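If you're matching them up, the sequences are chains W, P, X and Y in order.
Per the working numbering, the first sequence runs over residues 4 to 141.
Per the working numbering, the second sequence runs over residues 4 to 141.
Per the working numbering, the third sequence runs over residues 4 to 141.
Per the working numbering, the fourth sequence runs over residues 4 to 141.
All residues carry an ideal CB built from backbone N, CA and C; glycine is no exception.
Note that this is a predicted model, so its numbers are computed, not measured.
Working notes, structure below.
4 protein chains.
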Amino acid sequence: MADNKPFQWPVRVYYEDTDAQGVVYYANYFRFLERTRTEWLRTLGVDMVALAENERRIFVVAEIQTKFHAPARLSDELIVTARLTNLSRVAFDIEQNIYRDNIDGELLISSHVKAAYLDADTMRPKRMPSSLFGEHRS
Amino acid sequence: MADNKPFQWPVRVYYEDTDAQGVVYYANYFRFLERTRTEWLRTLGVDMVALAENERRIFVVAEIQTKFHAPARLSDELIVTARLTNLSRVAFDIEQNIYRDNIDGELLISSHVKAAYLDADTMRPKRMPSSLFGEHRS
Amino acid sequence: MADNKPFQWPVRVYYEDTDAQGVVYYANYFRFLERTRTEWLRTLGVDMVALAENERRIFVVAEIQTKFHAPARLSDELIVTARLTNLSRVAFDIEQNIYRDNIDGELLISSHVKAAYLDADTMRPKRMPSSLFGEHRS
Amino acid sequence: MADNKPFQWPVRVYYEDTDAQGVVYYANYFRFLERTRTEWLRTLGVDMVALAENERRIFVVAEIQTKFHAPARLSDELIVTARLTNLSRVAFDIEQNIYRDNIDGELLISSHVKAAYLDADTMRPKRMPSSLFGEHRS
């Protein structure tokens, strides 16, 4: 599982993302990471809206470790990645990086994210159906 | 009703509020306006959380006209105002301004906001109970 | 000038854009409008980063009137438009709408925006060079 | 240094902070943490605006590890803490937690933050003057 190719998602930096230091505000990288997780899940066939409305199940970030190597700037084109590194019954771990321009470009952000599968009403962990991430199970 | 004194709420400008132009990002003034409406409603005894959960009623902005006179900067202390200018059965109009330092300071933002009272599920207008804004009715 | 076709830009709604009412938070539509103005200017050949760094010139919103007709929801695909309606020496007016799905879809937001061309250091109006918006001048 | 009492800063949760899951959007906790670092630095006599403008020095987050224990909700009153755990010539480490209601309330977020002192133009590490954090040096 560790050598699967990362999912990639492009992000353009707008004024809304920057701050008075002239670079992307640190909390906004977490928005880019979440957009990319959402699009990665969409490619896996996970419809988070239907999941929340019909099954009352949501994904939430339980832990995240992040290193900020270099700043992104206004108008930069970024590539954000997501790569599954571990999958349990109630959570998954992914590695997410942000690069300038493309995946061979400068590494700006590296992170490890643990996301849990919860009941939306009780916020308690729930077992993920085997149909989720089906192709990644061994 | 037009000469009631405005409600005032202080806002400190943090990095999160600014952008690469070195000033507050224009959309973020609308966050300051909404915080102030929330606090103004709280002083009137309106508990928006209870209203949403128990009555399924929410306030939403229906219209807003805004002029940006001068920019706020990192670390500025702002005063945001709210003053009721009109009240109907299903909506209220308020005037909201943002000043630097205090209400006699530089005028940065002036706005007129129409907020509607809706059913949270159908998003259709609902009649406000007379207990809301009771003291302002004539 | 009034019958020029609007520029269109797609926006996907993510969790970051929504609030506890289950819809897009009202201030975030202004982020969508600004992304679209940026992309519209880019198609006109305006490089805002170079403009700010080399010429110390920036565009800022001076006025905006906005009507919120219907809410956008998580995962919606939106189309945001920009259409020039007036051009003076130091400012331009544009009409910007947000539709669900496509330009023939439900109208969610309508707005009129006046943007001014300023010196980035003094924040005072400056005359736009005729090369900007060249093709729109008559 | 490890048993110094944490700095505390109150934060009220508004609609702007929440998302369609009905709780605070995960990236927004990082805004709360940064507000608190700013206020903590202010109490230590660090004026970040003067530092950036006069000395071209800024603080940036280099690393952050965060655990999300339980969600904050609309209208919650939170207490955010900051406690210095390590200080080098070019960086400091702090522990930051977020509690519901007060510091004896439910722990929602725990984090460890490494912040670096940089030249604002080159984004390279700079030695912090001994006057910064003077009272914490042994």
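Own chain partners of residue i with C-beta closer than 8 Å, once the 5 adjacent residues on each side are dropped
| i | result |
| --- | --- |
| Arg86/W | Asn7, Lys8, Pro9, Phe10, Ile97, Glu98 and Gln99 |
| Leu121/P | Arg60, Ile61, Phe62, Val63, Arg127, Pro128 and Lys129 |
| Gly108/W | Ile82 and Tyr102 |
| Arg140/Y | Interpretation of Arg140/Y is limited by its pLDDT of 47, a score under 50 that renders its predicted location unreliable; the figure taken from the coordinates is listed afterwards. Cβ neighbours of Arg140/Y beyond the five flanking positions: Leu90 and Ser133. |
| Leu44/W | Met51 and Phe62 |
| Asp22/P | Tyr28 |
Identified DSSP bridge partners for residue i
| i | result |
| --- | --- |
| Tyr28/P | DSSP lists no partner for Tyr28/P. |
| Leu87/P | Ile97/P |
| Pro13/X | Ile82/X |
| Ser114/X | Thr69/X and Gln99/X |
| Ala23/X | DSSP output for Ala23/X lists no bridge partner at all. |
| Ala119/X | Val63/X and Ala94/X |
| Arg76/W | Val26/W |
| Tyr132/X | For the record, residue 132/X in the displayed sequence is Pro; it is not Tyr. Beta-bridge pairing links Pro132/X to no other residue. |
Distance CB(residue i)-CB(residue j) smaller than 8 Å
| i | j | result |
| --- | --- | --- |
| Val49/Y | Ala119/Y | no |
| Glu80/Y | Glu37/P | no |
| Ala123/P | Gln24/X | yes |
| Phe33/P | Val14/P | no |
| Ile106/W | Thr125/W | no |
| Arg92/X | Met131/X | yes |
7 Å Cβ shell around residue i - same chain, five flanking residues per side excluded
| i | result |
| --- | --- |
| Leu1/Y | The structure shown does not extend to residue 1/Y, since chain Y is modelled only from 4 through 141, so no value can be given for it. |
| Leu230/X | In the structure displayed, chain X extends from 4 to 141; residue 230/X sits before or after that span and is not available. |
| Leu110/W | His72, Asn100 and Tyr102 |
| Val16/W | Val27, Ala75, Arg76, Leu77, Ser78, Asp79 and Leu81 |
| Lys117/Y | Ala65, Glu66, Ala94 and Asp96 |
Spatial neighbours of residue i in its chain, beta-carbon cut-off 6 Å, leaving aside the 5 residues before and after
| i | result |
| --- | --- |
| Ser113/P | Lys70 and Asn100 |
| Asn31/P | Asp20 |
| Arg76/X | Val26 |
| Trp12/W | Thr39, Glu42 and Val83 |
For this session: Answer yes if the segment 60-77 of chain W comes into contact with the segment 55-73 of chain P, meaning at least three C-beta pairs across the two stretches below 8 Å, and no otherwise.
Result: Segments in contact, no.
For this session: Counting only runs of 3+ residues fully inside the segment 49-74 of chain W, write out the beta strand (DSSP E) ranges in chain order.
Result: 60-71
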